[in-house]
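Notes follow the structure.
Chains as they are written, first to last, in the numbering used here: chain Z, 1 to 311; chain V, 312 to 548; chain G, 549 to 857.
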């Protein structure tokens, strides 16, 4: 009796198929370069916020965001308390710090936040050779650095705008008729969005450029903070000493004030920090172009450092 | 111990690092020179608050020492070379001492010279004031060095934590909450200046010499002890 | 000096966990002088175990004694121990000789320059010793690390994946060196994935699977202890099917099968009796046998049985 006949007798009506489960090509969708960039962007976001890396990795980014937000909250509470216990609008009459002053107060904290977090996006990849893994994919150095830039910009934007939103909501809710407050002050929203965006782009570009020069996060962080720490008093002192147009141009090199001047222009008000800066005399056009230069030039340098990278 | 010290010196010195430290350390000297050549020279209290207290002790010294001290052990941990030191018969305290001496040796010349010339220029060569300012800076260097060396052992986020300490605690909170100065290294360092030259800074309330020395010694010994303990207890990568 | 029966390393009920993950679970064994191989699949806990034995990591429970002493936080003990971890733990800015000299200095070696000369000669890097180590190849860095480990003539050597990055010639030299050191009375514990080399070098093996000690001892003895797994013996002869029919009557044979080439495979849990019965049977049946070879009398098969279950 043949084997087949035997099998048929035992299991009438049953047939069998042997499948070749060896190597099979992927036949699903291929999503192209946009998906690659998005993946690097998302990874940058996760790295900056410490997501997926345990509790300790989240302490610093979240801690900084909390501190920045608390500043906005405190400003709102103080203004609300004064309006409540005196008369509505008294906080404005007394010229208490508000949206236009926020970045002057929080600028240094934002810069330190960037100095601490930005190196995580670039230095680790360089140090551990992971950047080579990116570059052997259909992803160029330009794609990589652009995605990282946008990822960090997202984080810094959140850090810069969240406190302003908290402040606006606080002031809104402390008004006896919030709708009236909104009607009277809705224009603060596009102003702080604009000023915050400038602040974020400036901080992101400088921080990432600094981080691109070293594989050690520590040195990148300290160098960036040192840069702000050095230029501020040096330019203030020298500008005062020189006076006149020379002093004004020297004052332009106070790296802390560059985005704050643009914030002053947007709000039509002058923050405490920039009040004494001789650079103000140069006018809004020069100050705005100067800030743009300090975003575009470092950005271009950052891009040029990565665009020709090969694995 | 000498081998660890030599390795540390080599690790912490690099051309760009030294240039940046020199630039940072040169700032107070440059600012002081500018102030004195200005038509409106500052009062002693103003100069002490802006240059000596805020800039030198509050920013320059801690930043320089953070970059060096924070990296003393952190670099070894990152590179996984710390086992080269701990898999030896060297007692842990000797390893910590060698690292700390390395930090002080690298940062010391910059900080010391910066403070010396700042004081010398500001007070027109007065030896007491110059020594007081230099001693204060060296005290700050040693205390920050011990603190940041421990921090570099304690966490891989030493730089972030250190910057938060410098900017928020020393730069902000201790300025508003006077009781917080008990936990302020800057306050201890600046106290040396006040006690060594009390006639120069008469309006500043300062503790007795013995208190300053004792508190500084306790703080330094405390951080060194914490470092040794940490090195003994931690899992070496 | 410890007697022949005193273990160099005594591990007793050692466990190590990282949060909810148990890396090493209640492991107990002794290491005697000679070469001991530590084997296991990736993630088995070998490196964690070695790190605890060398004091780099603490135990969560249990005790480890090396030369009768606690190893953790016992710096003087490192005069007698040399460790080479799996990571490239060198200072790239240092010249090779300077690195070995620093290692000797930290261990209090009396005649440092002579010790360094000897160590560098031992690893055949005398020509390259004055170059910075970041100009070395991976194999060279590995060898210089070995020199740094040997410079103080430790009694106990612990090596984690020492053959990583070594080329074939270096492997041969390295194996010869280890055998020489073992013959000199040193105790060597080496962890490796390369089963053939551990089989060649090690007198005893420790097999770690999922953090637990799955087997310990000579691998042949371990194989014999796996009595639920019959040996596979391949027999090349003139008439395999005729021989197959005959051997079914032997009590030492559990099963027979044929490989794709038609050769006869016998499964037996009693190879001692099979060795006697099979030739007699073949002679009686007038079947000429060309070759009889065990197929799973190797460390690889022992490893496979224990790891895969």
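Backbone N, C-alpha and C define an ideal beta-carbon position, used for all residues, glycine too.
This one's a predicted model, so the numbers in the text were calculated from it and none came from an experiment.
For a contact meaning CB atoms closer than 8 Å, what does residue 133(Z) contact in chain V?
Looking up residue 133(Z) in the first chain gives position 133. Those do not exist, as residue 133(Z) stays about 19 Å from chain V at its closest Cβ, beyond 8 Å.
By a C-beta neighbour count over all protein chains shown, 10 Å radius and 16 as the cutoff for buried, is residue 29(Z) buried or exposed?
Residue numbering aside, residue 29(Z) sits at position 29 when the first chain is read from its first letter. Residue 29(Z) comes out exposed.
Residue span of the beta strand (DSSP E) that contains residue 784(G), given as start and end:
In the third chain, the residue the question calls residue 784(G) occupies position 236. Unbroken beta strand (DSSP E) run through residue 784(G): 779-785.
Under 7 Å, Cβ to Cβ, is there at least one residue of chain G near residue 321(V)?
Here residue 321(V) refers to the residue found at position 10 when the second chain is read from its first residue. At least one chain G Cβ lies under 7 Å of residue 321(V).
Label residue 568(G) either buried or exposed according to how many other C-beta atoms from any shown protein chain fall within 10 Å of its C-beta, with 16 as the threshold for buried.
To locate residue 568(G), count along the third chain from 1; it is residue 20. If you draw a 10 Å sphere on the C-beta of residue 568(G), you find fewer than 16 other C-beta atoms in it, and that means exposed.
Out of 83(Z), 209(Z), 280(Z) and 162(Z), which one is the CA nearest neighbour of residue 177(Z)?
Start at 1 with the first residue of the first chain, and residue 177(Z) comes out as number 177. It is 83(Z).
Contact defined as beta carbons within less than 8 Å: I believe residue 371(V) pairs with residue 542(V). What is the distance between those atoms, to the nearest angstrom?
Indexing the second chain from 1 puts residue 371(V) at position 60. Indexing the second chain from 1 puts residue 542(V) at position 231. Not a contact, Cβ separation roughly 29 Å.
For the stretch 623-636 of chain G, which residues have a beta carbon sitting closer than 7 Å to at least one beta carbon of chain V?
Within the stretch 623-636 of chain G, 623, 624, 626, 627, 631, 633 and 635 place their CB atoms closer than 7 Å to a CB of chain V, listed in sequence order.
Need the endpoints of the beta strand (DSSP E) that residue 632(G) sits in, please.
Counted from its first residue, the third chain places residue 632(G) at position 84. Start and end: 629-632.
Going by DSSP in three states, residue 330(V) sits in which element: helix, strand or coil?
Along the second chain, one-based indexing puts residue 330(V) at 19. Three-state DSSP puts residue 330(V) in a helix.
Start-end ranges of the alpha helix (DSSP H) lying completely within the stretch 72-153 of chain Z, minimum 4 residues
Along the length of the stretch 72-153 of chain Z, whole alpha helix (DSSP H) runs at least 4 residues long occupy 90-93, 99-128 and 130-135, reported in chain order.
Under 7 Å between C-beta atoms of residue 257(Z) and residue 277(Z)
Here residue 257(Z) corresponds to residue number 257 of the first chain, with the count starting at 1. Here residue 277(Z) corresponds to residue number 277 of the first chain, with the count starting at 1. Taking 7 Å as the Cβ cut-off, residue 257(Z) and residue 277(Z) qualify as a contacting pair.
Just to confirm, are residue 203(Z) and residue 121(Z) a CB contact at a threshold of 7 Å?
Taking the first residue of the first chain as position 1, residue 203(Z) is located at position 203. Taking the first residue of the first chain as position 1, residue 121(Z) is located at position 121. For residue 203(Z) and residue 121(Z), no; Cβs fall outside 7 Å.
Output the distance between the C-alpha atoms of residue 721(G) and residue 417(V), rounded to the nearest integer angstrom.
To locate residue 721(G), count along the third chain from 1; it is residue 173. To locate residue 417(V), count along the second chain from 1; it is residue 106. Straight-line Cα distance between these residues: approximately 43 Å.
Which residues bound the beta strand (DSSP E) around residue 560(G)?
Your numbering for residue 560(G) matches position 12 in the third chain. Here the beta strand (DSSP E) through residue 560(G) covers 557-566.
Near residue 633(G), which residues of its chain fall below 7 Å by C-beta distance, leaving aside the five closest residues on each side in sequence?
Here residue 633(G) refers to the residue found at position 85 of the third chain. Cβ within range, chain order: 708.
Residue 824(G): which of 798(G), 562(G), 701(G) and 843(G) sits nearest, CA to CA?
What you label residue 824(G) is simply residue 276 of the third chain in a count that begins at 1. A check of alpha carbon separations from residue 824(G) across 798(G), 562(G), 701(G) and 843(G) identifies 798(G) as the nearest.
Look at the Cβ atom of residue 770(G), then the Cβ atom of residue 763(G), and state whether they are nearer than 7 Å.
As a first step, residue 770(G) must be located in the third chain, where it is residue number 222. As a first step, residue 763(G) must be located in the third chain, where it is residue number 215. Closer than 7 Å, so yes.
Cβ distance (whole Å) where residue 375(V) is taken to contact residue 332(V) below 8 Å
Sequence index remark: in the second chain, residue 375(V) carries index 64 (1-based). Sequence index remark: in the second chain, residue 332(V) carries index 21 (1-based). Contact holds; Cβ gap of about 5 Å.
Identify, in the order they occur along the chain, each residue of the same chain with its Cβ nearer than 8 Å to the Cβ of residue 495(V), setting aside the five sequence neighbours on each side.
Here residue 495(V) is taken as the residue at index 184 of the second chain, counted from 1. Cβ neighbours of residue 495(V) beyond the five flanking positions: 480, 481 and 485.
Alpha-carbon to alpha-carbon, residue 409(V) and residue 296(Z)
Working through the first chain from its first residue, we reach residue 296(Z) at position 296. Working through the second chain from its first residue, we reach residue 409(V) at position 98. So the two alpha carbons sit approximately 45 Å from each other.
Determine which residues of the stretch 365-379 of chain V have a Cβ less than 7 Å from any Cβ of chain Z, and write them out in chain order.
366, 370, 374, 377 and 378
Helix, strand or coil for residue 579(G) per DSSP?
Looking up residue 579(G) in the third chain gives position 31. Residue 579(G): strand per DSSP, three-state reduction.
Nearest-angstrom beta carbon gap, residue 381(V) and residue 218(Z) [assumed within contact, 8 Å]:
Taking the first chain and counting its residues from 1, one reaches residue 218(Z) at position 218. Taking the second chain and counting its residues from 1, one reaches residue 381(V) at position 70. Sure, about 6 Å apart at Cβ, within 8 Å.
Apply the 10 Å Cβ neighbour rule to residue 785(G) and answer buried if 16 or more other Cβ atoms are within range, or exposed otherwise.
Here residue 785(G) corresponds to residue number 237 of the third chain, with the count starting at 1. With 16 or more other Cβ atoms within 10 Å, it is buried.
Between which two residues does the beta strand (DSSP E) holding residue 613(G) run?
Residue mapping note: residue 613(G) aligns to position 65 of the third chain, counting from 1. Segment 609-614, the beta strand (DSSP E) holding residue 613(G).
Under 7 Å by beta carbon: chain V residues contacting residue 60(Z):
As a first step, residue 60(Z) is located in the first chain; it is residue number 60 there, counting from the start. Per Cβ cutoff of 7 Å: 468 and 471.
Integer Cβ distance of residue 697(G) from residue 639(G), believed to fall under 8 Å:
By one-based count along the third chain, residue 697(G) stands at place 149. By one-based count along the third chain, residue 639(G) stands at place 91. Incorrect: roughly 15 Å between the Cβ atoms, too far for contact.
What does residue 386(V) touch in chain G if you count any residue whose Cβ is under 8 Å from its own?
What you label residue 386(V) is simply residue 75 of the second chain in a count that begins at 1. Near residue 386(V) there are no residues of chain G at all, since even the closest Cβ is about 10 Å away, more than 8 Å.
Below 6 Å CB to CB, which residues in the same chain sit around residue 239(Z) once its five sequence neighbours on both sides are set aside?
Within the first chain, residue 239(Z) is the residue found at index 239, counting from 1. 247, 250, 251 and 278.
Is there a Cβ from chain V that is less than 7 Å from the Cβ of residue 198(Z)?
Counting from 1 along the first chain, the entry for residue 198(Z) is found at position 198. With 7 Å as the cut-off, residue 198(Z) does not count as an interface residue toward chain V.
Please report whether the beta-carbon of residue 653(G) lies at a distance below 7 Å from any beta-carbon of chain V.
Here residue 653(G) refers to the residue found at position 105 when the third chain is read from its first residue. Chain V, which has a Cβ nearer than 7 Å to the Cβ of residue 653(G), makes this yes.
Alpha carbon of residue 760(G) to alpha carbon of residue 114(Z), nearest angstrom
Residue 760(G) sits at position 212 when you count from the first residue of the third chain. Residue 114(Z) sits at position 114 when you count from the first residue of the first chain. Spanning the two alpha carbons is a distance of roughly 46 Å.
Beta-carbon contacts of residue 458(V) that lie in its chain and below 7 Å, excluding the five residues immediately before and after:
Looking up residue 458(V) in the second chain gives position 147. Taken in chain order, the residues that qualify are 496 and 534.
For chain Z, is any of its Cβ atoms less than 7 Å away from the one on residue 382(V)?
Taking the first residue of the second chain as position 1, residue 382(V) is located at position 71. At least one C-beta of chain Z is nearer than 7 Å to the C-beta of residue 382(V).
What's the C-alpha gap between residue 550(G) and residue 579(G)?
Locating residue 550(G) in the third chain gives position 2, counting from the first residue. Locating residue 579(G) in the third chain gives position 31, counting from the first residue. In this prediction, residue 550(G) has a pLDDT of 45, which is less than 50 and means its spatial position is unreliable; what the coordinates show is noted afterwards. One C-alpha to the other measures close to 13 Å.
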